Structures are given as C-alpha cells and as structure tokens.
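**Student:**
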Amino acid sequence: MSTTSALTRFVHVGALLLPGVFASAQCGPYKFHPLWPETVGWAYLNEFECGPADNVIWDNGATTWQVNGLAPGLHWVDQYLGGQYLSTDTFEIEQLYWDLQQIVLVAFPGVEVDVYASVPYCGTSIFNYPTCSPPADSVVIFLLQDGVLIDSITPVDCTYTFDFWGGLPTGHTYQCVLEDRSNCASSGEAPVTTVHTCDSMAFITNVIAASGGLSNGSIDVLGMLPDTLSDLPLPPPFTGTFTLLALPNYDLIGTVTGSTASWTGLPAGDYLIGFMPDSLCSAPSTVVTIGNSTGMVALSGADPLFVPLWPNPTVDQLHWNGTTSLSARVLDVNGREVLQASG
4 MSTTSALTRF VHVGALLLPG VFASAQCGPY KFHPLWPETV GWAYLNEFEC
54 GPADNVIWDN GATTWQVNGL APGLHWVDQY LGGQYLSTDT FEIEQLYWDL
104 QQIVLVAFPG VEVDVYASVP YCGTSIFNYP TCSPPADSVV IFLLQDGVLI
154 DSITPVDCTY TFDFWGGLPT GHTYQCVLED RSNCASSGEA PVTTVHTCDS
204 MAFITNVIAA SGGLSNGSID VLGMLPDTLS DLPLPPPFTG TFTLLALPNY
254 DLIGTVTGST ASWTGLPAGD YLIGFMPDSL CSAPSTVVTI GNSTGMVALS
304 GADPLFVPLW PNPTVDQLHW NGTTSLSARV LDVNGREVLQ ASG
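In the numbering used here, the protein residues as written are 4 to 346.
#1: From the DSSP output, in three-state form, read off D160 for me.
#2: Using a Cβ-Cβ cut-off of 8 Å (strictly less than) and excluding sequence neighbours within five positions of N315, which residues of its own chain qualify?
#3: With distances taken Cα to Cα, identify the nearest neighbour of P55 among G86, D183, T200 and F278.
#4: Do T173 and S285 have their beta-carbon atoms positioned less than 7 Å apart in this structure?
#5: I need the straight-line Cα distance from G216 to G226, nearest angstrom please.
#6: How is the beta strand (DSSP E) around W45 delimited, first residue to last?
#7: Which whole runs of the beta strand (DSSP E) in the region 169–223 are 3 residues long or more, in chain order?
#8: Note down the Cα distance separating F278 from W168, rounded to an integer number of angstroms.
#9: According to DSSP, is S345 part of a helix, a strand, or is it coil?
#10: Buried or exposed: which applies to S155, given that a residue is buried once 16 or more other Cβ atoms fall within 10 Å of its Cβ?
#11: Quick check on D371: does DSSP put it in helix, strand or coil?
#12: Could you give the C-beta distance for S282 and L237, rounded to a whole number, given that I count them as a contact under 8 Å?
#13: D140 by DSSP, collapsed to three states: which one?
#14: Is A110 helix, strand or coil when you go by DSSP?
#15: Sorted by chain position, which residues of the same chain lie with C-beta nearer than 6 Å to Q104's C-beta, five sequence neighbours on each side aside?
#16: Among E52, T246 and S185, whose alpha-carbon lies nearest the alpha-carbon of T260?
#17: Please state if the CB of L255 and the CB of C135 are separated by a distance shorter than 7 Å.
#18: Using a 10 Å radius around the Cβ and a threshold of 16 neighbouring Cβ atoms, would you call N131 buried or exposed?
#19: Within 10 angstroms of its Cβ, does G304 collect 16 or more other Cβ (buried), or is it exposed?
#20: Span of the beta strand (DSSP E) holding P133?
#21: Who does P280 pair with in a DSSP beta bridge?
#22: Looking only at its chain, what residues have a beta carbon closer than 8 Å to the beta carbon of L152, apart from the 5 residues adjacent to it on each side?
#23: Please state if the CB of V107 and the CB of D92 are separated by a distance shorter than 7 Å.
#24: CA-CA distance, W61 and L171?
#25: Rounded to whole angstroms, how far is the Cβ of W68 from the Cβ of L181, which I believe are closer than 8 Å?
#26: Given that a residue counts as buried once 16 or more other Cβ atoms are within 10 Å of its Cβ, and exposed if not, what is D234?
#27: Exposed or buried, F165, counting other C-beta atoms within 10 Å across all chains shown (16 or more means buried)?
#28: Output needed for I207: all residues of its chain with C-beta closer than 6 Å, excluding positions within five of it in sequence on either side, in chain order.
#29: Apart from the five residues just before and just after G126, which ones in its own chain have a Cβ nearer than 8 Å to its Cβ?
#30: Along the beta strand (DSSP E) that carries L84, what are the first and last residues, could you check?
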C-alpha cells in the first residue's frame, strides 16, 4: 500500500467519524438574496472546497451543487460521501430592499435633509450577496418638496452613499425617493417628513423689573401664539424647550421644558428667549428687557441712550417699568426716526 493511498483512506475514514471536520471554510453555502422586486434567491456550495463530500441534497430535493428558486426563509443542505451522510448546513435567504434613510434637521440657515442609501451585502460579505447589484450610475435619489421634484443625486453606490441638501425653507414636506434604472429595477422611498414654520410665533410674556439694584427681576413665558398666516404653522399643543440667554454675551441662564417657563432672581438687562418645539420646526426667539437697561431716561434734557437689539431680530419686544411718563423713539441705522411712542 502506498503512502498516498493510506493517507487518502485515513482522511475518508476521519470524515465519516467526524462529520464536517475536514470541510473548508470556503465551502459555503454562498447565498444570493433577492433584491426587490425579485422575490427568489439562490445558493451554491463550492464542490472543490467541501472536503470529501461528493454529493449534496438541498431542502427542495435538488442534488446539484447550485440550487435556484429559493424563497426567503430558512433552508438546509446535506453533504454526503459515497451515500454516507457527512453534515448539514442551515442557512437563511433574506428579502432585500434598499436601505434608504432620510434625516431632516432644522439648522441654520434653514432645513437640512441628509440621505443614506445602501443595499445589504452589496460588496460587504464573502458568503452573502444581492441577486442583482445595481450599477452606481444607474441609480438616482430624488428630493421631493410637497411631492414635487426639486433636486436629484447620482451616482448612488449600493455599497454606501451619503449626501445632503441644506438651506431649504421651512413650511414644507420633504421626501427622498430612489429609482434604479438598470435591469435590477429596484426602488426605495423614505417616509414623508413635515417641517412646520415657527419663527414667527409670538411669546406671551410677563416681565417684572428688578428694583433697588438687586437681582430680583423675573421673566415668565405664559404661552406661545402661532402665526396662522405662515406656511404650515405649528399646530397645538405648543410644547418644547425654552432657553434664556443673557445679552450681549449670550450667557446661558437656564432651560425649561414644557408649554410655559419662568426664571427668577434676574438682574436688570437684556435677555434672549428661545423656544425649540418638540415637533420639527424652526426655532423662534424674542428679546425682553428687565428694568431700565434699555436706556429709558426721564425727559430732563439728558442725552438718551440707544436701545440695544440682539441679534437684529425681525420682531423685538421692549419692556420698561416706571411711574412717570416716558417716551421712546426708534431710529434706523442712519439715525432717522421711524417710530415714536410715549406712555
């Protein structure tokens, strides 16, 4: 008996005693999962890497090394040597779809839409593949605003693609839709996301002045009023996070969560109130003043002090307290009077 024959017999006997021990890691099964609209996949074993096995039987009765028409779900394949059972491999065929994720943010200077796209197992696995891998230059991602196409992105790599749009207006709905124009004919769409308009909401406030040079002023936010004339105004209830900043350095005083807010123990000065709604929406803000920090003076002929506005908001609220009659004037950047009031 030759050394080669003895070694061959030893390997075969060893395989029978210890099923599957001598099968290579590259044997498989290699799985090809259907990418929608395909609904069946296929799999195969590499017969040159499956050790002593010389025959296979799949769960659907097929006896070839490759099997087609596998529906999503669990499957198995048995390996045999000369009619003797060696081992069983259990595997799963998955129904694949484009993983299209859309993240909508309200960030300066407007709405940002981030989009991520990939196909599971596309170029990322040794044993798992989609039945069809769409060419990148055949795939397009469309951005819809209120259901109307406004922009697109291509190419889209099925391994992984990220892109974004910025500076979009509030008061609209946004949705990303993917179209594959290759023979794979796959598709995908993200949910419709609504972004409300809140930057014109009004704050209902109550301001109590500080007295005696002490830090005993207070600011109460009693509620919010929507701008019903804006695009997609935020519907009630108006809940979120209120933030109070001391101007001009924007020092954080505190945050309050809910539909109202209150801060006490405040010195005279200018304050910026911000409101971040719980719903996806632009964040309104307003400036309020405690005490005489806006530079109001008695009509005594003294030079008036100008009112500081932070940070140039479209709508500003000025508050002052006192028992004597006061007058206020609003000047433009060129020093021209545009409004005068007394009280």
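Positions of the beta carbon are idealized from the N, C-alpha and C atoms, including for glycine. None of the values given here were measured: they were computed from a predicted structure.
**Tutor:** Result, derived from the coordinates:
#1: What you label residue 160 is simply residue 157 of the sequence shown in a count that begins at 1. Three-state DSSP puts D160 in coil, outside helix and strand.
#2: The sequence position of residue 315 within the sequence shown is 312, counting from 1. Note that N315 scores 47 on pLDDT, short of 50, meaning its location in the model is unreliable; the coordinates nonetheless yield the value given after this. So no residue of the chain qualifies.
#3: On the sequence shown, residue 55 is found 52 positions in, with the first residue counted as 1. Check the Cα spacing between P55 and each of G86, D183, T200 and F278: the tightest is with G86.
#4: Residue 285 sits at position 282 when you count from the first residue of the sequence shown. Residue 173 sits at position 170 when you count from the first residue of the sequence shown. At the C-beta level, S285 and T173 come within 7 Å of one another.
#5: Walking along the sequence shown from the start, residue 216 turns up at place 213. Walking along the sequence shown from the start, residue 226 turns up at place 223. Between the alpha carbons of G216 and G226 lies a distance of about 29 Å.
#6: Within the sequence shown, residue 45 is the residue found at index 42, counting from 1. First-last of the beta strand (DSSP E) with W45: G44 to Y47.
#7: Whole beta strand (DSSP E) segments, 3+ residues: 175–183, 190–192, 196–198 and 205–211.
#8: The residue labelled residue 278 in the question sits at position 275 within the sequence shown. The residue labelled residue 168 in the question sits at position 165 within the sequence shown. Distance between F278 and W168, taken at the CA atoms: about 25 Å.
#9: Taking the sequence shown and counting its residues from 1, the one referred to as residue 345 is at position 342. Here S345 sits in strand by DSSP.
#10: For the purposes of this step, residue 155 is taken as residue 152 along the sequence shown, with counting starting at 1. Counting C-beta atoms within 10 angstroms of its own C-beta, S155 has fewer than 16 neighbours from the protein chains shown and is therefore classed as exposed.
#11: As shown, the chain starts at 4 and ends at 346. That puts residue 371 outside it, with no answer to give.
#12: For the purposes of this step, residue 282 is taken as residue 279 along the sequence shown, with counting starting at 1. For the purposes of this step, residue 237 is taken as residue 234 along the sequence shown, with counting starting at 1. Here S282 really is in contact with L237; their C-beta atoms are around 6 Å apart, less than 8 Å.
#13: Here residue 140 refers to the residue found at position 137 when the sequence shown is read from its first residue. It is helical.
#14: As a working note, residue 110 is residue 107 in the sequence shown. Looking at A110 - three-state DSSP - the assignment turns out to be strand.
#15: The sequence position of residue 104 within the sequence shown is 101, counting from 1. Correct list, in chain order: Y119.
#16: One-based indexing of the sequence shown puts residue 260 at position 257. The residue with the shortest Cα to Cα distance from T260 is T246.
#17: Taking the first residue of the sequence shown as position 1, residue 135 is located at position 132. Taking the first residue of the sequence shown as position 1, residue 255 is located at position 252. The answer is no: Cβ separation not under 7 Å.
#18: As a working mapping, residue 131 is identified with position 128 in the sequence shown. N131 is buried by the Cβ-count criterion.
#19: Locating residue 304 in the sequence shown gives position 301, counting from the first residue. Model confidence at G304 stands at a pLDDT of 43, short of 50, so the residue's coordinates are unreliable; what they give is reported in the following sentence. With fewer than 16 other Cβ atoms from the protein chains shown falling within 10 Å of its own Cβ, G304 counts as exposed.
#20: Sequence index remark: in the sequence shown, residue 133 carries index 130 (1-based). Per DSSP, P133 belongs to the beta strand (DSSP E) from N131 to P133.
#21: Within the sequence shown, residue 280 is the residue found at index 277, counting from 1. P280 is bridged to G243.
#22: Within the sequence shown, the letter at position 149 stands for residue 152. Only F145 and L146 meet the Cβ criterion.
#23: Walking along the sequence shown from the start, residue 92 turns up at place 89. Walking along the sequence shown from the start, residue 107 turns up at place 104. Note that the C-beta distance between D92 and V107 is not below 7 Å.
#24: As a first step, residue 61 must be located in the sequence shown, where it is residue number 58. As a first step, residue 171 must be located in the sequence shown, where it is residue number 168. Using only the alpha carbons, I get a separation of about 54 Å.
#25: Translated into positions along the sequence shown, residue 68 becomes position 65. Translated into positions along the sequence shown, residue 181 becomes position 178. About 35 Å separates the beta carbon of W68 from that of L181, a gap too long to meet the 8 Å contact definition.
#26: The sequence position of residue 234 within the sequence shown is 231, counting from 1. With fewer than 16 other Cβ atoms from the protein chains shown falling within 10 Å of its own Cβ, D234 counts as exposed.
#27: Along the sequence shown, read from residue 1 onward, the residue named residue 165 stands at position 162. The Cβ neighbour count for F165, taken over all protein chains shown within 10 Å, is under 16; the residue is labelled exposed.
#28: The count along the sequence shown starts at 1 and reaches residue 207 at position 204. For I207, the CB contacts under 6 Å within the same chain, skipping 5 residues up- and downstream, are L225 and G226 in chain order.
#29: The residue labelled residue 126 in the question sits at position 123 within the sequence shown. Residues S136, C161 and T162 of the same chain have their beta carbon placed closer than 8 Å to that of G126, with the five preceding and five following residues left out of the count.
#30: Position 81 of the sequence shown, counted from the start, is the residue given in the question as residue 84. In the DSSP assignment, L84 falls within the beta strand (DSSP E) that extends over G76 to L84.
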